[in-house]
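Take a look at the structure set out below.
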Amino acid sequence: MKSTKARASVPLIVGLTFVGILAVTALISYFWLPYKLQDMSGGRLSSPSLTHLLGTDKLGRDLLSRIMLGARIALTVGFTSVCIGAIVGVTFGVLAGFAQRWLDESLASVLDILIAFPTLLLAMLIVAGRGSSLASVIVAIGLGMSAIVARLTRLLVKRVLNQDFITASRASGTTWPRIVAIHILPNIWPTLLVNLALQFGLAGLTEASLSYLGLGTPPPNASWGSLLQEAQATVLVAPLAAIAPGVCLIALVIGVNLIADGLRGIGDPTLRSGK
Amino acid sequence: MLKYLVRRLIFLFISIFLASISLFVLLRLLPGDPANALLSVGATPEQIAAARHSVGTDLPMPTQFGKWLGQLFTLHFGNSLIGGYPVGPEIFSRLSITVPLTLSAFLLAVLIAIPLGFVAAYKARTWYGASLNAVSQLGIAIPVFWVGVLLIFGFALRLMILPAGGFPIDGWSNFGEAVKSLILPVCTISLVMSASLIRYVRSATLDVLGSDYIRTSRALGSSFITAMWRHGLRNAAAPVISILGIELATTFVGAVVVESVFDLPGLGSLLVKAISQRDYPVVQGVLFASTVAVLFIGFLADLTQRILDPRLSKSLTGVSL
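If you want it as structure tokens, here you go:
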């Protein structure tokens, strides 16, 4: 293969900037917050000022601090659920990719049912069974995602398996596990990575929806979804509290989508000069 | 076609059966006894046993599973642990809000997305084609409940032309008010939904516009409109319809969230309340009904797609990436 220089594209840079700012904010929140989470000294629903850059909520808690904690939750949920989705999904997808005839057909159908099943519903099911906690939310989103990843992996594996170099490799005595390691995974990971980046954004949205419904991370932890839920009642007095968490969430999702776009451009040189 | 219909129907029933097993497994086999909802802190062992008996969790697992299947086939999901009302009829009455909400939001989204998606593809090189595309990219990143909150802020609280939430107490018999209270929820869902649909319509149209058969048809002298009508529409419709199936299911679930935003007494708010109260019979019933709805929508989408595009391979379901 000709070595192509991976040039960073504009979407990639913008996306990395968005996600980078949020990630740094989340990291800072571990060491320093403008105000402690329980600090209600700010006066109720005060407007943005030098002491409270984004104002306070109805209990007098600093909004900026809560949004910083929200960034931590959003990124944690995104990252860990993508890890679960990737591990479970790629494992099943590779196995399903090797399946033949009726087994293949039934596995494909099962995956089709699973991806038609909305993640939010699955998540509500798991939360109903296990009670709402950060772990439930992560497991639910990760499992919902794994069906999508598995389906994609299966298709990609099938495509690679049909190539002549697999036959050649088999003929020269390479074992199947080694073929997976040296031929299949290197060939499918660029496409998978793009998809996982998109899933990261969707995970953030699902987590926010669950928290908005009161089924996500329990209080006092402030997910952006629960911040929005709280802000809804006071939106007329303090519109910023309803706008800021939403903007952060959108920045995260758009950020990872842009990163996915950028990665796609690097992984597939034919796209670079095209549309 | 008939053979396909039969196969797909069998597949539908198998998947409903599998779904009911997974529901049972996820809700019952996980730690935590549903009977706990009936108990207060510090309940005596006798109280716990009585609660478990009344909920039915003291029975052996296979018996419980048999009972659960029996409930499903008779569409009688037991009584609510909290409110005491029968779950089946409650679900049906709640559908009178969720179904109109979902369907009208879905139709509106399709009506917005098909022309705009077509323009975004046909005029891809103009500034408005490109900005349509950009706006639809933005749309998939926006959480549906946030749009709801913003619409409430703008139209209900600031302009005060539409209600901020709720549903008339006398329901659909107060038709005008009922419709009014659904306008903002419908707009919320369809705004978000149309953004993602525009992208699918756009890429399906781009594929068709660049195809050989359109070029041939044009070379043979048909006008652009005739060529698109005769050959383009069907070819572009097939992939879009398979997505529509998934999108309709997503709309239905989006309705769950939006009902909570607008405080509508639909299926979604029933589910959310039941989950937070750990009201198991209600949770089971609503989740089962929603699952069946999702699977049935998939079934309809596959059938429609098959009718439109007979070339489709032998695969049972027609979801394309």
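As they're listed, the protein sequences go chains A and S.
Take the first sequence: its letters are residues -16 to 258, numbered as in the numbering used here.
Take the second sequence: its letters are residues 136 to 456, numbered as in the numbering used here.
Even glycine gets a Cβ: it sits at the ideal position worked out from N, Cα and C.
Quick caveat: nothing in here was measured; it's all calculated off a predicted structure.
Buried versus exposed call for residue i [16 or more other C-beta atoms within 10 Å across all chains shown]
{"i": "D95(A)", "result": "buried"}
{"i": "D437(S)", "result": "buried"}
{"i": "L18(A)", "result": "Note that residue 18(A) is Tyr in the sequence shown, not Leu. Label assigned to Y18(A): buried."}
{"i": "S358(S)", "result": "exposed"}
{"i": "T323(S)", "result": "buried"}
{"i": "L242(S)", "result": "exposed"}
{"i": "D347(S)", "result": "exposed"}
{"i": "G453(S)", "result": "Confidence is the limiting factor: at G453(S) the pLDDT is only 47, short of 50, which leaves the residue's position unreliable, though a coordinate-based value still follows. Buried."}
{"i": "Q79(S)", "result": "With chain S running from 136 to 456 in the structure shown, residue 79(S) is simply not present."}
{"i": "G238(A)", "result": "buried"}
{"i": "F148(A)", "result": "exposed"}
{"i": "S155(S)", "result": "buried"}
{"i": "T179(S)", "result": "exposed"}
{"i": "I304(S)", "result": "exposed"}
{"i": "C231(A)", "result": "buried"}
{"i": "I442(S)", "result": "exposed"}
{"i": "V463(S)", "result": "Nothing can be reported for residue 463(S): it is not among the residues displayed for chain S, which extend from 136 to 456."}
{"i": "F100(A)", "result": "buried"}
{"i": "P228(A)", "result": "buried"}
{"i": "F431(S)", "result": "exposed"}
{"i": "V394(S)", "result": "One detail in the question is off: residue 394(S) reads as Glu in this sequence, not Val. Burial call: buried."}
{"i": "Y13(A)", "result": "exposed"}
{"i": "S(-14)(A)", "result": "Annotation note: pLDDT 45 at S(-14)(A) (below 50); position unreliable, coordinate value reported separately. Exposed, because fewer than 16 other Cβ atoms sit within 10 Å of the Cβ of S(-14)(A)."}
{"i": "Q276(A)", "result": "This structure leaves residue 276(A) out entirely; chain A is present only between -16 and 258."}
{"i": "P203(A)", "result": "exposed"}
{"i": "A225(A)", "result": "buried"}
{"i": "Q215(A)", "result": "buried"}
{"i": "Y415(S)", "result": "buried"}
{"i": "P169(A)", "result": "exposed"}
Residue range of the alpha helix (DSSP H) that includes residue i
{"i": "I277(S)", "result": "I277(S) -> no alpha helix (DSSP H), and no H or E assigned at all."}
{"i": "N178(A)", "result": "168 to 195"}
{"i": "G159(A)", "result": "The question names Gly, but residue 159(A) is Trp in the sequence shown. Per DSSP, W159(A) belongs to the alpha helix (DSSP H) from 159 to 162."}
{"i": "L266(A)", "result": "No information on residue 266(A) is available, as it lies outside the stretch -16 to 258 that chain A covers here."}
{"i": "F100(A)", "result": "Run containing F100(A): none; DSSP gives neither H nor E here."}
{"i": "F146(S)", "result": "137 to 159"}
{"i": "D437(S)", "result": "415 to 443"}
{"i": "T136(A)", "result": "117 to 144"}
{"i": "F200(S)", "result": "196 to 209"}
{"i": "R153(A)", "result": "147 to 154"}
{"i": "V407(S)", "result": "402 to 412"}
{"i": "L211(A)", "result": "207 to 216"}
Opposing strand residues paired with residue i [DSSP bridges]
{"i": "D45(A)", "result": "T39(A)"}
{"i": "P511(S)", "result": "Here chain S covers residues 136 to 456 and nothing more, so residue 511(S) does not appear."}
Next item on the list: Pick out the complete beta strand (DSSP E) segments inside the stretch 332 to 371 of chain S, 3 residues or longer, and give them in chain order.
Entry: none
Note to self: Using a Cβ distance threshold of 8 Å, determine whether the stretch 385 to 395 of chain S contacts the stretch 183 to 201 of chain S, with at least three qualifying pairs required.
What the structure shows: no
Notebook entry, point to check: At a cut of 8 Å, does the stretch -5 to 7 of chain A reach the stretch 235 to 242 of chain A through at least three beta carbon pairs?
Noted result: yes
Margin query: As an exercise, report each continuous alpha helix (DSSP H) stretch of at least 4 residues that is fully enclosed by the stretch 257 to 317 of chain S, in chain order.
Written below: Listed in chain order, they are 262 to 274, 279 to 286.
Item checked: At least three beta-carbon pairs within less than 8 Å, the stretch 314 to 334 of chain S to the stretch 251 to 270 of chain S -> yes
Notebook entry, point to check: Taking one C-beta from the stretch 401 to 411 of chain S and one from the stretch 107 to 125 of chain A each time, how about it: are there three or more such pairs within less than 8 Å?
Noted result: yes
Checklist line | Inter-stretch contact (C-beta, 8 Å, three-pair minimum) for the stretch 210 to 225 of chain A and the stretch 288 to 308 of chain S | finding: yes
Next item on the list: State whether the stretch 55 to 71 of chain A contacts the stretch 179 to 194 of chain A, with contact taken as three or more CB pairs (one from each stretch) at a distance under 8 Å.
Entry: The stretch 55 to 71 of chain A makes contact with the stretch 179 to 194 of chain A: 3 or more CB pairs, one atom from each, lie closer than 8 Å.
Margin query: Taking 8 Å as the cut-off, does the stretch 232 to 242 of chain S touch the stretch 391 to 403 of chain S (at least 3 CB pairs, one atom from each stretch)?
Written below: yes
Next item on the list: Would you be able to state if there are at least three C-beta pairs under 8 Å between the stretch 188 to 201 of chain A and the stretch 272 to 287 of chain S?
Entry: yes
Next item on the list: Pair every Cβ in the stretch 71 to 84 of chain A with every Cβ in the stretch 120 to 132 of chain A, then say whether three or more of these pairs are closer than 8 Å.
Entry: yes
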